[in-house]
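Protein chains in written order, with the numbering used here: chain A, 29 to 241; chain B, 29 to 241.
Number of protein chains: 2
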Amino acid sequence: MGRMNQLTQPRPSFKAQMHQAREDAIVAATSRLLGEKGFETMTVDEVAAAVGIAKASLYKHFAGKDDLCAAAMVHVVARLQRFLDALPDELGPVQRLQALLHWLLQLQLGDETPLLPERNSALAQTLRGCDLYHACMQEVSARILAWIAQAQAAGQLRRELPPEVILCARLARAADPMLPLLRERGHDDADILAWAMDSCLGGLVARPAAMLT
Amino acid sequence: MGRMNQLTQPRPSFKAQMHQAREDAIVAATSRLLGEKGFETMTVDEVAAAVGIAKASLYKHFAGKDDLCAAAMVHVVARLQRFLDALPDELGPVQRLQALLHWLLQLQLGDETPLLPERNSALAQTLRGCDLYHACMQEVSARILAWIAQAQAAGQLRRELPPEVILCARLARAADPMLPLLRERGHDDADILAWAMDSCLGGLVARPAAMLT
DNA sequence: GTCTATACAGAGATAGAC
DNA sequence: GTCTATCTCTGTATAGAC
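As C-alpha cells, this is what we get:
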C-alpha cells in the first residue's frame, strides 16, 4: 500500500503535471494577449492558437473567456506577490515602494497585462465577482499600506495624503496613459521610465515654491 | 439676384439646420456612451436609440462606427479648446494649468468621453489616421506647452522635467485609473478630485526630504 | 433622409468522434 | 482530454421602399 502510494499519490502524476503545465501555458498566453490587445479585442481563438491547442480544449480548462481572463489577472497579482516576497530584507519602506513602482511601470512598458483592468472593460465587472482576485489584491494592498504608513511616520512620504490615496496613486501607475503617450512621441523606454517615476514621486510643481492656491 | 441670395444663401436653410442639429445630437450621444461604456462595448444601436433615430439614418451622417467616434473625440477636444479660450486673461500660466487639470479630472469623474482613447482600443488606431483630431490636439498642445515653459521659467514648475513630459503628465490625468480606483473604494468625488490634483502636482514624497535615490 | 428588414462577419461556446 | 466541425448570437453595415 505504501508503495502504491508512493507511485500514485506522492506527486501530481505525469498526467496531472501535463495538465497543470498546459494550464499554465494557457494563462501565460492569455496574460500576454490581454496586455497587448485588451480584453475586448483579444479573442479566445488567438489564445488557443498562441498556445497551440484547439479552442475546445481550452474550454475544458476554463469555463469561458471571463473565467480565463480572471485567472490571468490572478496570475499577474501572484507575480507581484512573489516580487514583493523577493525584496531584500535590508530595504527600507521607501526603497520598497520605489522598487514596486519601478516594477509596475516596467510591466506596462513590456506590454504585459496591467495590474488593473481597463476602465469600463467587461473584465472589470467580472473581477468584481472573483473572490480569489480580491483576496490576492487585499493581501498585497495590506502589505504596501504598511510600508506607506512607516514611510509617512518617518516623514519620507507626505502626511497630507491618506495612505489609501498613496496606495491607489502607486497602483494606478501600472496603467498610466502617460507612458503610451510619451512612447507615441518617440521617446525611449528608459527615459519614459525615469520621467514617470520622477513625476509620480516628486510631482510637477517646483520644490520650495508656493503650494497649491 | 441679391434677394435670391438673401433667401437661399444667407444661412444654412431650415433643412440644413435640422441636419446639423441632428448631427450634433448624434455626436453628443456618442460622446456620452463612449465615456460610459468605452469604444468596444458601445454599440451603434445604442447610439441610434439614444438619439431616437434609426440606425440606417445614422449611417447617412457618418461612414461607420470609427468615423462616428472620431467625430466624438474631435468634439471633446473642441470643448477643451473653448474652455481654454474662456480662461480669464488675468490668470497666470500656473493657474491656467491648474484650471486645466481640474477640468480634465472633472470630465472623467462625470463619466464623459476621456480626452485620450483607452490603451489598445481600436479607436486609438483610427485616430492615428484622423488629421482633424491631430490638428486639434496639436493646437491645444502648443498652447499648453507655452504656459508650461512660462511657468518653468518663473520657477513655478520643476525644470528637471522636459515640458513635453509635463504636458503628457497633465493630459494623462484625463484617463487616470486612480480615480475609478478610489471611487470603487467608496470615496466622494470631491475628495477624489482634491487628492488627484494634490498628488499630481505635489507628488508623493515629502517636501524637504531626500530626493530620489 | 428616414424608416423596416435583412445580409454578412466575427467571436463565444458546444457536439460528438477519437 | 483533444480534436474538427458547427451552432448561435450579437453587432456592423446595407438594400430598398417611402
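Positions of the beta carbon are idealized from the N, C-alpha and C atoms, including for glycine.
What you are looking at is a predicted structure, and each value in this text was computed from that prediction instead of being measured.
May I have the straight-line CA-CA distance separating residue i from residue j, to the nearest angstrom?
{"i": "Gly183/B", "j": "Ala91/B", "result": "49 Å"}
{"i": "Cys196/A", "j": "Ile176/B", "result": "27 Å"}
{"i": "Leu128/B", "j": "Leu221/B", "result": "13 Å"}
{"i": "Ser59/A", "j": "Thr154/A", "result": "16 Å"}
{"i": "Val168/A", "j": "Arg213/B", "result": "16 Å"}
{"i": "Ser149/A", "j": "Ser41/B", "result": "43 Å"}
{"i": "Met239/B", "j": "Lys83/A", "result": "The predicted position of Met239/B is uncertain, since its pLDDT is 45 and thus under 50; no value can be drawn from it."}
{"i": "Asp117/A", "j": "Ala106/A", "result": "20 Å"}
{"i": "Asp216/A", "j": "Gln180/B", "result": "23 Å"}
{"i": "Ala78/B", "j": "Gln136/B", "result": "21 Å"}
{"i": "Leu160/A", "j": "Leu160/B", "result": "46 Å"}
{"i": "Pro190/B", "j": "Ala218/A", "result": "15 Å"}
{"i": "His162/B", "j": "Ala56/B", "result": "20 Å"}
{"i": "Cys158/A", "j": "Ala170/B", "result": "45 Å"}
{"i": "His130/B", "j": "His47/A", "result": "52 Å"}
{"i": "Gly138/A", "j": "Leu210/B", "result": "26 Å"}
{"i": "Arg124/A", "j": "Met206/A", "result": "23 Å"}
Would DSSP call residue i helix, strand or coil?
{"i": "Leu210/A", "result": "helix"}
{"i": "Leu185/B", "result": "strand"}
{"i": "Phe42/B", "result": "helix"}
{"i": "Thr69/A", "result": "coil"}
{"i": "Asp216/A", "result": "coil"}
{"i": "Asp204/B", "result": "coil"}
{"i": "Pro140/B", "result": "The amino acid at residue 140/B is misidentified as Pro; the sequence shows Glu. Coil."}
{"i": "Glu118/B", "result": "coil"}
{"i": "Gly30/A", "result": "Low per-residue confidence applies at Gly30/A: pLDDT is 45, beneath 50, and the placement is therefore not dependable enough to give any value."}
Thinking just about the alpha-carbon of each residue, which of the options is nearest to the one in residue i?
{"i": "Ala99/A", "options": "Phe67/A, His215/A, Leu189/A", "result": "Phe67/A"}
{"i": "Thr69/A", "options": "Ala152/B, Val75/B, Cys97/B", "result": "Ala152/B"}
{"i": "Val122/B", "options": "Leu155/B, Gln134/B, Gln178/B", "result": "Gln178/B"}
{"i": "Met101/B", "options": "Lys88/B, Glu140/B, Val79/B", "result": "Glu140/B"}
{"i": "Arg50/B", "options": "Arg60/B, Ala76/B, Gly63/B, Leu62/B", "result": "Ala76/B"}
{"i": "Asp94/B", "options": "Leu173/B, Gly231/B, Ala163/B, Arg156/B", "result": "Arg156/B"}
{"i": "Arg80/A", "options": "Gly138/A, Ala53/A, Cys97/A", "result": "The question names Arg, but residue 80/A in the sequence shown is Gly. Looking at the Cα atoms, Ala53/A is the closest of the given residues."}
{"i": "Leu185/A", "options": "Val233/B, Gln136/B, Pro191/B, His130/B", "result": "Val233/B"}
{"i": "Glu192/A", "options": "Ala174/A, Pro205/A, Pro40/A", "result": "Ala174/A"}
{"i": "Met165/A", "options": "Leu112/A, Arg211/A, Ala78/A, Lys88/A", "result": "Leu112/A"}
{"i": "Leu108/B", "options": "Asp159/B, Glu74/B, Ile172/B, His47/B", "result": "Ile172/B"}
{"i": "Asp204/A", "options": "Pro142/A, Ala218/A, Gln180/A, Ala170/A", "result": "Pro142/A"}
{"i": "Ala44/B", "options": "Pro190/B, His89/B, Glu74/B, Asp159/B", "result": "His89/B"}
{"i": "Ser227/A", "options": "His215/A, Arg211/A, Arg198/A", "result": "Arg198/A"}
{"i": "Gln126/B", "options": "Gln48/B, Ile194/B, Arg187/B", "result": "Ile194/B"}
{"i": "Arg187/A", "options": "Leu61/B, Leu62/B, His47/B, Arg235/B", "result": "Arg235/B"}
{"i": "Lys65/A", "options": "Cys97/A, Gln48/A, Met46/A", "result": "Cys97/A"}
Just reading off the alpha helix (DSSP H) that residue i is part of, what are its end residues?
{"i": "Glu251/B", "result": "Absent from the structure is residue 251/B, since the part of chain B shown begins at 29 and ends at 241."}
{"i": "Pro121/B", "result": "121–137"}
{"i": "Asp73/B", "result": "72–79"}
{"i": "His103/B", "result": "93–114"}
{"i": "His242/A", "result": "Outside the displayed span of chain A (29 to 241) sits residue 242/A, for which this structure offers no information."}
{"i": "Glu146/B", "result": "Per DSSP, Glu146/B belongs to no alpha helix (DSSP H) and is neither H nor E."}
{"i": "Leu232/B", "result": "Run containing Leu232/B: none; DSSP gives neither H nor E here."}
{"i": "Ala200/A", "result": "191–200"}
Return yes when the Cβ of residue j is within less than 8 Å of the Cβ of residue i, no when it is not.
{"i": "Leu86/A", "j": "Val72/A", "result": "yes"}
{"i": "Ala202/A", "j": "Leu115/A", "result": "no"}
{"i": "Ala224/B", "j": "Leu133/B", "result": "yes"}
{"i": "Pro208/B", "j": "Arg110/A", "result": "no"}
{"i": "Gly230/B", "j": "Gly231/A", "result": "yes"}
{"i": "Glu74/A", "j": "Leu62/A", "result": "no"}
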